[in-house]
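Here is the structure we will look at.
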Amino acid sequence: MPWDARAGGWPASREILEQLFVHERRSYSEIADLFGTTRNAVAGRCHRLGLASNDGVGGYAVQRRREEERSTKEPRGCRWIHGDLGDEVWTYCQQRRRAGSSYCEHHHRRVFVRRSP
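Here you go:
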């Protein structure tokens, strides 16, 4: 029963696709093998015809952590690095950050310098 879907040789009856896809619950790949076409061609055709398998399977349910299990984030301080990144030991400044910045007021002024025109 191979049809040449690329040449417009889809079965004239919508019921054949509906029978295979919805009632027999065959996959796009299985139907494509029957029709001698690609899986994407079958998927597009079923979509255009409005056929749906209605299995309701769509991934997995996300497990939400309960409120008491969530860790509260510690407020972060200034992200200016003291020391050399190549060294084994280096630390952040950790002073109170300026609003809207990753740095404290002092380091923000060092990083964001206005250029004269």
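Numbers in our numbering are just positions in the sequence shown, counted from 1, shifted up by 8. We put the beta carbon where it would ideally sit given N, CA and C, even for glycine.
Whether residue i touches residue j by CB criterion (7 Å)
i           : j           : result
residue 50  : residue 60  : no
residue 100 : residue 87  : yes
residue 111 : residue 121 : no
residue 34  : residue 28  : yes
residue 47  : residue 37  : yes
residue 57  : residue 22  : yes
Cβ neighbours of residue i in the same chain (closer than 7 Å, five flanking residues each side left out)
i          : result
residue 92 : 98
Nonlocal neighbours in the same chain, by C-beta distance under 6 Å from residue i, ignoring five residues either side
i           : result
residue 103 : 85, 86, 112
residue 109 : 116
* In the stretch 20-50, which residue ranges form an unbroken alpha helix (DSSP H) of at least 4 residues, counting only runs that do not cross its ends? -> DSSP runs (the alpha helix (DSSP H)) wholly in the stretch 20-50: 22-26, 36-43.
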